[in-house]
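Data block below; observations after.
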Amino acid sequence: MNSVTHKLAKWYKVHQRNLPWRDTKDPYKIWLSEIILQQTRVEQGTPYYYKFVEQYPTVRDLEVAPIDEVLKLWQGLGYYSRARNMHSAALEVVKKYNGKFPKDYNSIRSLKGVGDYTAAAIASLAFDLPHAVVDGNVYRVLSRLYNIDTPINSSKGKNQFAQLAEELLDKKKPGNHNQAVMELGAICCKPSNPTCNICPIAEHCLALAKGTIANLPVKIKNKPVQNRYLNYLFLVNEETFCLLQRGPDDIWQGLYDLPIVERDKLLEPDELMEESFFKQLKGRQTLLYKGNSDYLHKLTHRNLHARFHIFFYKSLASLNKFGIFETTFKNMQSHAIPRLLDKFLNEYYSIK
DNA sequence: AATCCGTGGTC
DNA sequence: TGACCAAGGAT
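Residue numbering for the first sequence follows this note's numbering, starting at 8 and increasing by one per position.
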């Protein structure tokens, strides 16, 4: 164990945060926490971890749960494929491994939703297997420690940092070491304004010596954020409104949502009424346009411009051929919906 | 390899 | 305020 590794372990022992998934060696709970924490801040994910552990204490509890229920519990956390993949993986753990979490890296890595990072995390934290994690924290710590400007989102960079992480790994205590590196990145070696003055390995840090801390890690720019224009149809009666389930190959897959007419702009009421959706809708003569309200919903890679067009209706036949059904605001506790729709519905029904 | 997939916080 | 990013993975 080299000097850097030793100092990291010593620092971690004193400065580690008290996080709920650090109390356990249960691979199911560690897996659950790692899936929740993918691209998610600890503060945002922690309430969800508590909810899931309470509702699904074991992998069998998760496995027998309906996917709609799992998605509802996941609502608001984003990246919903994590919930769908996790549920699917729970099925595999129960059927293929008889409910016992697999203990070898390759089996863990083959589970849906488990990539290189998560497999290494579960293997090291739950089973003390010598696999080094490489997450955003590790990229930052290693790029600065060794003053490496290879882009972390290039294949060369991924290989290079993976190899460095393996070399630095404390193979006697891989779980402890992995968490120490990530913890340093999270609370000391931060993206901006890192606290190098109290860093336990500052004397080894090449970037600090060279004055390149603020330039590392290097990342290839993403392409500019594109706009999408969603014309929502809020078809509402006294107590009911119209809902559908979103299909594959788009955002919010499997969640429930209102019917949408997506075009290259937000539509005015008269433009909207020219759409084929309304010509196919029996009973459209009972539709009464009651106004609209606009929302800008910003995702990482999209700006969603949403206009909720509000229609009163008395009766609408032939809705089901669009997959549309009627529901109530109260009944929404059993349907997972995007944050955007959640905001709209809450504002609409609280104002009303 | 490049793009897609959410939500919320930071500076 | 807009760019960046957070215990990434799938295609």
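Quick reminder that beta carbons are idealized off the backbone N, C-alpha and C, glycines included.
Here the structure is a predicted model, which is why all the values come from computation and not from measurement.
### Message
Measuring alpha carbon to alpha carbon, tell me which residue in Ala128, Ala133, Ile42 and Lys272 is nearest Lys119.
### Response
Ile42
### Task
For Asn125, write down the residues that DSSP places opposite it in a beta bridge.
According to the sequence displayed, residue 125 carries Thr and not Asn. According to DSSP, Thr125 bridges with nothing at all.
### Of the residues Asn185, Phe318, Val148 and Pro158, the one placed nearest Pro201, counting alpha carbons only
Val148
#### Entry: Limits of the unbroken beta strand (DSSP E) element including Asn310
From DSSP, the beta strand (DSSP E) with Asn310 extends over Arg309 to Phe319.
### Message
Distance check for Asn338 and Tyr239, CA to CA, integer angstroms please.
### Response
20 angstroms
### Message
Tell me the rounded alpha-carbon separation between Tyr146 and Tyr320.
### Response
55 angstroms
### Query
Hey, how far is the Cα of Lys426 from the Cα of Leu347?
Outside the shown range of the chain, which is 8 to 359, sits residue 426, and nothing can be said about it.
### Rounded separation between Phe336 and His316 - CA only
17 angstroms
### Task
Counting only the same chain and skipping the five closest in sequence on each side, list residues whose C-beta sits under 6 angstroms from that of Leu171.
Leu149
### Query
Does DSSP classify Glu269 as helix, strand or coil?
Assignment of Glu269 by DSSP, reduced to helix, strand and coil, places it in the strand class.
### Query
For Leu78, which of Gln287, Tyr55, Ser325 and Arg67 has the nearest alpha-carbon?
Tyr55
### Element boundaries [alpha helix (DSSP H), containing Leu279]
Pro276 to Met280
### Query
Looking at the structure shown, is Asn113 part of a helix, part of a strand, or coil, going by DSSP?
helix
### DSSP-derived helix/strand/coil call for Cys203
helix
### Task
Could you tell me if Ala139 is buried or exposed, where buried requires 16 or more neighbouring beta carbons within 10 angstroms of its beta carbon?
buried
### Task
Look at Asn144 and Met189 and say whether their C-beta atoms are less than 7 angstroms apart.
Closer than 7 angstroms, so yes.
### Query
Which class does Gly298 belong to by DSSP, given the choice of helix, strand or coil?
strand
### Task
Grab me the residues of Gly83's own chain with a C-beta within less than 7 angstroms of its C-beta, minus the 5 sequence neighbours each way, in chain order.
Arg346
### Query
Within 10 angstroms of its Cβ, does His308 collect 16 or more other Cβ (buried), or is it exposed?
exposed
### Task
Answer yes or no: do Leu250 and Leu311 have a C-beta to C-beta separation smaller than 7 angstroms?
no
### Message
What residue range does the alpha helix (DSSP H) around Arg147 cover?
### Response
Gly143 to Leu152
### Message
If I measure Cβ to Cβ from Asp156 and keep anything under 6 angstroms in the same chain, skipping five residues before and after, which residues do I get?
### Response
The answer, listed in chain order, is Val225.
#### Entry: Backbone secondary structure at Arg24 - three-state DSSP
coil
### Query
Beta-carbon separation of Val66 and Tyr87 under 7 angstroms?
no
#### Entry: Exposure label - Gly182; buried when at least 16 CB within 10 Å
buried
### Message
Once DSSP output is grouped into helix, strand and coil, what is the label at Arg48?
### Response
Arg48 falls in the coil class under three-state DSSP.
### Message
Could you tell me which whole alpha helix (DSSP H) segments of length 4 or greater appear in the segment 171–197?
### Response
181–194
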